[in-house]
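Chains as they are written, first to last, in the working numbering: chain C, 596 to 933; chain F, 97 to 550. C-beta: ideal position from N, C-alpha, C; glycine also. In this text the structure is predicted, and so the values were computed from the model without any measurement. These notes are about the structure you will find just below.
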């Protein structure tokens, strides 16, 4: 029998992965929409983007809150350490999310198109992943100090660390790559050739920086946290799989067919890398303050959370399937006929 | 006055919640009103009501956006501003928090579907069925989050061992003694506020542009809802007062400026306190407090002096309580008056004065909700978990809280103004009658086409 805290962290990691994918699509779409406007190609893709994003923007946000509430629930110590040290970066992320979420709805259901809004939409799409990735950097240890009960963040160290910057770059370019490959797939479903061509270029363009940034972050990680690096090296086969899926996705995108499969490959690429990173982190959640075993909540609460989680999934999965059927795989809807 | 980080922490949280509660109330109540309107429309085959549901949904989605982002802000602020509280209480309240997000997830999914499938089902009831998970999800998330607040007032379901919560029973913590009365009061008053909002909009439009069939129907439907939920809210308020008298006597005593324990206690309305803490200029209702608290005019009510001075809630809560209760009765009275006018043929229910009063009910209802929450929260001071953790032990030690208050204040001002501007733009140049014309026209055009589809 697996312990409840391991189930907990696995579930949470899955949710973070889910958020990574759906939020990347959303954030990247914002940037592409803005960039297309600047290069006067917005008429090609904007309708396509809003057609997919309108029904799902709220769901994306809930994924995030879900992870947040889940990790505090399973591991209350995270609230103490991350909460105390992340007051400023966390609040910045909240404000960016607030601007993005509300402006998105205002634009879509209310106001007229404006370049200011589009700029905010595009800029927050890149700044949010950057600000959220700070939490990942902190988990590597060395940036948080605790002195006589006061937890604080070593800002100077954080801002001068090559590791933190490489993670930020990785977050941004991955967002653009994931988003580009999804929207390529979506455009091909909609049989929208001009959008397809443009988005395929975006996806191909951002693939190279993604793999370079991943390597760079990996190298800096080896210098910063030897233990984590070694653990990941032991999982070399997962990393190799990730690179394999990346090559496959790239080949499919390049040869211009089976875009659905290409996007699945991208998802698997990030899945393997993300889990190799996560498993390598074990047993720490926040090096060296929180471990999975010691930081976990009471057993009764942990079990209750796992049960609630299973019950919740029984409701959510059919509903999500319904959403996908109605908006993603309904060819008529995608093409704009409904 | 020197403001320390604890007070700044309280201000940041208070600010976010004050702003959020407006949109949360709309988020809980308006789906029910939409569901009612669509059901009546399908039932009566009256397109006016369908249009009503459509227009309300369109406005609703804008407020949902603000509700979602401020809700996310609270989820994060709980950990960011109150790290010690979450570390301790997270062990006990994680379950309802988690389930709240589930309920919200559920609502979000179906709201998205509802919004984009108006004309996709042949059977109109199928589309209406989508409102059920939305209404249920909204109600459930209100339920779960209110249990967390209930826990902070009436902690239970754990043992305290060396400063840590042990032997946690999550269900017992969720179903604490405060939960039933709180949930009842929160839901009924939210539905009352939603009804008052929509009735107020109808009344306001009729005042400005004259009564039309659409607005007459809308007003009548919502006044009915206001009457029903007004009555239920009155009952809920009474249940809550009796709960306080039994379980949190210091909160009720502070609200009533009831210092000495006595039998047959008076209910005090308004007034002020002099330096010796004597009540001046207040309206005394003899023995009414005993009746309110225990249903018996001669029951003994505990006074505030029975409690140690450092556990007294601020005495200001008296006014919050009085105004909240007054607003509740005003809303009820206006809805009763409206139906008296409807029944009494000689009177015109579209009388300008009455319409004006109904229009005023909308902001009043929101004010009532705010005052009620202020009373509930400020009345719990100095505790964050009553009896276990004081507010100053829970706050963050970071000095950066102060600038954040102003940043968030600015954010909420921008969001609030933009929300109002967008809502205005949505409806101002698109009156219901014009939309009704277009709607009927497009329906007639679609009719043959709809028959072809299989």
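Tell me, to the nearest whole angstrom, how far the beta carbon of residue i is from that of residue j; I am working on the premise that it is less than 8 Å.
i                      : j                      : result
residue 768 of chain C : residue 719 of chain C : Residue 768 of chain C to residue 719 of chain C, Cβ: 17 Å. No contact.
residue 680 of chain C : residue 728 of chain C : Not confirmed; about 15 Å, so no contact.
residue 554 of chain F : residue 169 of chain F : Since the displayed chain F opens at 97 and closes at 550, residue 554 of chain F lies outside it and no answer follows.
residue 455 of chain F : residue 303 of chain F : 6 Å
residue 812 of chain C : residue 765 of chain C : 5 Å
residue 249 of chain F : residue 344 of chain F : 7 Å
residue 677 of chain C : residue 730 of chain C : 6 Å
residue 385 of chain F : residue 414 of chain F : Going by Cβ atoms, the distance from residue 385 of chain F to residue 414 of chain F rounds to 12 Å, so no, they are not a contact pair.
residue 791 of chain C : residue 798 of chain C : Actually they are not in contact, since the Cβ atoms of residue 791 of chain C and residue 798 of chain C sit about 10 Å apart, beyond 8 Å.
residue 321 of chain F : residue 291 of chain F : 4 Å
Give me the Cα-Cα distance between residue i and residue j, rounded to the nearest whole angstrom.
i                      : j                      : result
residue 116 of chain F : residue 421 of chain F : 22 Å
residue 128 of chain F : residue 143 of chain F : 18 Å
residue 346 of chain F : residue 188 of chain F : 25 Å
residue 807 of chain C : residue 623 of chain C : 19 Å
residue 723 of chain C : residue 342 of chain F : 48 Å
residue 547 of chain F : residue 218 of chain F : Low confidence applies to residue 547 of chain F: its pLDDT is 42, below 50, so where it sits in the model is not reliable, and the reading given next is rough at best. The straight-line gap from Cα to Cα measures roughly 9 Å.
residue 251 of chain F : residue 269 of chain F : 7 Å
residue 411 of chain F : residue 436 of chain F : 39 Å
residue 160 of chain F : residue 237 of chain F : 14 Å
residue 405 of chain F : residue 398 of chain F : 15 Å
residue 488 of chain F : residue 745 of chain C : 14 Å
residue 349 of chain F : residue 475 of chain F : 10 Å
residue 253 of chain F : residue 179 of chain F : 21 Å
residue 231 of chain F : residue 122 of chain F : 12 Å
residue 408 of chain F : residue 245 of chain F : 19 Å
residue 391 of chain F : residue 368 of chain F : 27 Å
residue 654 of chain C : residue 311 of chain F : 34 Å
What residue range does the alpha helix (DSSP H) around residue i cover?
i                      : result
residue 503 of chain F : 497-524
residue 811 of chain C : 788-819
residue 449 of chain F : 448-474
residue 489 of chain F : 487-490
residue 192 of chain F : 179-212
residue 853 of chain C : Looking at the DSSP string, residue 853 of chain C is not in any alpha helix (DSSP H), and its letter there is neither H nor E.
residue 734 of chain C : 710-734
residue 672 of chain C : 671-680
residue 922 of chain C : Element bounds for residue 922 of chain C: n/a, residue is neither H nor E.
residue 106 of chain F : 101-140
With DSSP as the reference, please indicate the residues paired to residue i in a beta bridge.
i                      : result
residue 359 of chain F : F:396
residue 745 of chain C : C:742
residue 402 of chain F : Residue 402 of chain F is not bridged to any residue.
residue 147 of chain F : Residue 147 of chain F is not bridged to any residue.
residue 262 of chain F : F:255
residue 643 of chain C : Note: residue 643 of chain C sits in no beta bridge, so no partner.
residue 886 of chain C : C:879
residue 375 of chain F : F:369
residue 555 of chain F : Nothing can be reported for residue 555 of chain F: it is not among the residues displayed for chain F, which extend from 97 to 550.
Can you confirm whether residue i, when its beta carbon is compared against all beta carbons of chain C, has any partner nearer than 8 Å?
i                      : result
residue 103 of chain F : no
residue 186 of chain F : yes
residue 545 of chain F : Because residue 545 of chain F sits at a pLDDT of 47, beneath the cut-off of 50, its placement in the model cannot be relied upon, and the following sentence gives the value as read from the coordinates. Not one chain C Cβ lies under 8 Å of residue 545 of chain F.
residue 168 of chain F : yes
residue 221 of chain F : no
residue 514 of chain F : yes
residue 123 of chain F : no
residue 369 of chain F : no
residue 176 of chain F : yes
Terminal residues of the continuous beta strand (DSSP E) containing residue i?
i                      : result
residue 879 of chain C : 879-881
residue 380 of chain F : 379-381
residue 608 of chain C : No beta strand (DSSP E) contains residue 608 of chain C, which is instead part of the alpha helix (DSSP H) from 599-633.
residue 479 of chain F : 479-481
Is the Cβ of residue i closer than 8 Å to any Cβ of chain F?
i                      : result
residue 829 of chain C : no
residue 735 of chain C : no
residue 675 of chain C : yes
residue 724 of chain C : no
residue 671 of chain C : yes
residue 645 of chain C : no
residue 697 of chain C : yes
residue 889 of chain C : no
residue 653 of chain C : yes
residue 717 of chain C : no
Can a CB atom of chain D be found closer than 8 Å to the CB of residue i?
i                      : result
residue 864 of chain C : Here the protein chains are C and F, and chain D is not one of them.
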